[in-house]
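Chains as they are written, first to last, in our numbering: chain A, 1 to 433; chain B, 434 to 866.
All C-beta atoms in this analysis are idealised placements derived from N, C-alpha and C, irrespective of residue type, glycine included.
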């Protein structure tokens, strides 16, 4: 007699509609391999070769030996054994964010994580202790953070973004509402640069105001920055962390887009002082390390060495090392925007935003962009996209779709927009609004 | 004005005494580098060379290309890109557990995890949905599982082990008590082979009885088996999973001891059918994948390739590939037991167990083996060990210490026991009992 587990007796996060939605999307990508896919936000594969892994490993090992003076036995133990919970390449990461982002950070405040995703889990688990603690999320919002919040049973309240990302006045208002309801707005999660899913960015001038509102509301800020380097036009403003004079910002970084996703290496910068009842002081990074020891113990030493080698190889300057990638993504985004303009010119009811960079564009349509529409789009028109409703925790985005152009060729982008037009035409003639 | 976080406003798992204890122990190891350390349960480093990583990577890549017929572009994408959530080497793992453990498992039921630790997190998060759900833990118990339970706020009830590990009658009794208290014993966690910390094993004849009790009590069983290959004497009984006719056992495996810790690759075998309200059926592994997508997204593809290469290299037989390691650990354990016999012969109040394998021995002493004693032991006698109290969630083990002999040389084991005798002498003359 086989054991059977009813789904409704498993944890409620497994019933999260965003999870089933993502499963549906992934299955659609597999069921329609010939479709042009504007769906996944994955990086372009560029010029990677398997032999590069060995080259980066060697670069890291040479650096440890020749520059840092580590013995062969020590380096071997670092690669093969259990190691420091918060990672081995924390110093290299601190140098890189100093060069790339003007973020000055003590290496002891760096936690090397299994991708940015583990960083989100560690940070939310550490900060949320009480059922009255609420996570404010810029909305629409990356599914990774809402997924972690659901895993941990953390209440979320959306803070609606405007065309220029999160607005200080709206943050102040939502924060006050939460507090008035007897709850405690504990932290705000946002992606200030080319957010997933909207592509929108918070202007430089607004960033200090956001920090001021956070300070006044006694809110911690969780800044997630996977796309910041990939600017199409304009100048990059400083990150919130670079502006963070009072250590209010916990910064989550990713090497998935700037180096490679397959290594699964990200990091958290957590330089907040933590004091215990006896007045002893640690850094939040040290507390995150205790949680990490219960989640993954260590980030793969092999992966850290590969990413470490890429950092060494770049002279600790990923902005420069990504010059070609930045150009590629900017060209893709520009082409997508141009094609949308050409093909949907002056079309009533169809609009889209024009992000200054990143991987994503949001298109507003005059019909429901739901799973059924996605199915028709893939099956009948050979084009995939992501329903924006997946990124709303409060039922919004039902007539919007996200287009990702990061991993497509120019030919695919052109063909994809042609197919998208055909799909939109069909939906409009199909659905009386 | 710097943000300050009071520790008591962070998550309560950070106040777990086992965590501070482990921190204390790790610091002691660092503060007394000249001490012989019986503390950490890490594997011996053996003959590892950095170049081996490249060799294993190549072995995996060749296998994918030549045996499985994957194209170069496909292999490169697998190594560098985001990939299948439940991993890429699930088929290789299924072959290996079939050869090594007589476990027949559908590769789709294998979840490749960031070490066994992530496996524990995924399994506990999936199974525990309700505040009335209780985790039964064999006691004393590995700190990794109690740590995860505390992260997730899961109530634990200890099931005391006897000299031969967990006993069916005790399991039946504790399970009934939990149910009588209005709670639901949801799952049992145990390490049936050479448990951490006790080194004890459940005899083969008892294993079916344990499964029968679990079935009668409607308990799922979480079997964790990091040490099973490392037998000193006797024959290996089948694992619970190999005996599991009704898919009651969720098996957690580790490559940290049989391959290398630094890759951080483990796995979960979860072939339980899950049915939703519409009667649709998935495997528990598929549900775990949804949780994994919110924890680490993927296990490092580079790490999977390294471990995959080691599996290929071993002909999918880690038992044979570990012949030298098995011998080394058996010799170390035998030597430690012999030295304890020689040096503590007939000493009143001192006793220890004689595990058939694994990394650990438990010594009972007639004084408190607490942090203060550990400090004296390290500082004045140059020998480190682990207080057994760290592994009890209910205050036991205060006069016991764990000795680990896995990563020591014979000379260190001999010298360590001499130092331990001097320490014990000192404590006995010091402490009026």
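Residues near residue i by beta carbon distance below 6 Å, same chain, minus five either side
{"i": "residue 412 of chain A", "result": "36"}
{"i": "residue 183 of chain A", "result": "132, 134"}
{"i": "residue 750 of chain B", "result": "532"}
{"i": "residue 230 of chain A", "result": "326, 329, 357, 358"}
{"i": "residue 282 of chain A", "result": "274"}
{"i": "residue 746 of chain B", "result": "492"}
{"i": "residue 138 of chain A", "result": "159, 161, 166, 190"}
{"i": "residue 418 of chain A", "result": "none"}
Counted within 10 angstroms of its Cβ, other Cβ atoms place residue i as buried (16 or more) or exposed
{"i": "residue 841 of chain B", "result": "buried"}
{"i": "residue 760 of chain B", "result": "exposed"}
{"i": "residue 96 of chain A", "result": "buried"}
{"i": "residue 323 of chain A", "result": "exposed"}
{"i": "residue 435 of chain B", "result": "exposed"}
{"i": "residue 177 of chain A", "result": "exposed"}
{"i": "residue 10 of chain A", "result": "buried"}
{"i": "residue 476 of chain B", "result": "buried"}
{"i": "residue 212 of chain A", "result": "exposed"}
{"i": "residue 218 of chain A", "result": "exposed"}
{"i": "residue 64 of chain A", "result": "buried"}
{"i": "residue 738 of chain B", "result": "buried"}
{"i": "residue 246 of chain A", "result": "exposed"}
{"i": "residue 466 of chain B", "result": "exposed"}
Residue i, enclosing beta strand (DSSP E) - first and last residue
{"i": "residue 105 of chain A", "result": "Taken as a continuous stretch (DSSP letters only), residue 105 of chain A belongs to no beta strand (DSSP E), as it is neither H nor E."}
{"i": "residue 402 of chain A", "result": "400-404"}
{"i": "residue 223 of chain A", "result": "220-224"}
{"i": "residue 156 of chain A", "result": "155-160"}
{"i": "residue 686 of chain B", "result": "682-687"}
{"i": "residue 266 of chain A", "result": "266-269"}
{"i": "residue 274 of chain A", "result": "273-275"}
C-alpha gap between residue i and residue j, whole angstroms
{"i": "residue 727 of chain B", "j": "residue 142 of chain A", "result": "11 Å"}
{"i": "residue 273 of chain A", "j": "residue 768 of chain B", "result": "47 Å"}
{"i": "residue 734 of chain B", "j": "residue 588 of chain B", "result": "34 Å"}
{"i": "residue 689 of chain B", "j": "residue 754 of chain B", "result": "14 Å"}
{"i": "residue 149 of chain A", "j": "residue 13 of chain A", "result": "9 Å"}
{"i": "residue 453 of chain B", "j": "residue 765 of chain B", "result": "29 Å"}
{"i": "residue 628 of chain B", "j": "residue 592 of chain B", "result": "14 Å"}
{"i": "residue 793 of chain B", "j": "residue 479 of chain B", "result": "19 Å"}
{"i": "residue 250 of chain A", "j": "residue 311 of chain A", "result": "22 Å"}
{"i": "residue 285 of chain A", "j": "residue 278 of chain A", "result": "19 Å"}
{"i": "residue 535 of chain B", "j": "residue 637 of chain B", "result": "14 Å"}
{"i": "residue 163 of chain A", "j": "residue 354 of chain A", "result": "10 Å"}
{"i": "residue 659 of chain B", "j": "residue 180 of chain A", "result": "51 Å"}
{"i": "residue 440 of chain B", "j": "residue 448 of chain B", "result": "8 Å"}
{"i": "residue 585 of chain B", "j": "residue 151 of chain A", "result": "9 Å"}
Other residues of its chain near residue i: CB distance less than 7 Å, five sequence neighbours each side excluded
{"i": "residue 523 of chain B", "result": "540, 543, 545"}
{"i": "residue 550 of chain B", "result": "577"}
{"i": "residue 39 of chain A", "result": "25, 29, 384, 385, 386, 404"}
{"i": "residue 291 of chain A", "result": "122, 125, 126"}
Contacts around residue i, its chain only, beta-carbon distance under 8 Å, and the 5 residues preceding and following it disregarded
{"i": "residue 288 of chain A", "result": "86, 111, 122, 123, 126, 268, 270"}
{"i": "residue 350 of chain A", "result": "344, 363, 364, 365, 366, 424"}
{"i": "residue 866 of chain B", "result": "Residue confidence for residue 866 of chain B is low, a pLDDT of 49 falling below 50, so the modelled location carries little weight; the figure read from the coordinates is stated next. Counting only Cβ-Cβ distances below 8 Å, and skipping sequence neighbours, we find 799, 800."}
{"i": "residue 848 of chain B", "result": "469"}
{"i": "residue 649 of chain B", "result": "605"}
{"i": "residue 380 of chain A", "result": "423, 426"}
{"i": "residue 104 of chain A", "result": "98"}
Where the alpha helix (DSSP H) through residue i begins and ends
{"i": "residue 793 of chain B", "result": "Taken as a continuous stretch (DSSP letters only), residue 793 of chain B belongs to no alpha helix (DSSP H), being part of the beta strand (DSSP E) at 793-797."}
{"i": "residue 286 of chain A", "result": "284-295"}
{"i": "residue 500 of chain B", "result": "Careful: residue 500 of chain B lies outside any alpha helix (DSSP H) and carries neither H nor E."}
{"i": "residue 548 of chain B", "result": "548-560"}
{"i": "residue 76 of chain A", "result": "72-80"}
Beta bridge counterpart(s) of residue i as assigned by DSSP
{"i": "residue 623 of chain B", "result": "B:656"}
{"i": "residue 575 of chain B", "result": "BP columns for residue 575 of chain B are empty, so no partner."}
{"i": "residue 55 of chain A", "result": "DSSP lists no partner for residue 55 of chain A."}
{"i": "residue 85 of chain A", "result": "None, per the DSSP bridge assignment."}
{"i": "residue 567 of chain B", "result": "B:588, B:618"}
{"i": "residue 387 of chain A", "result": "A:401"}
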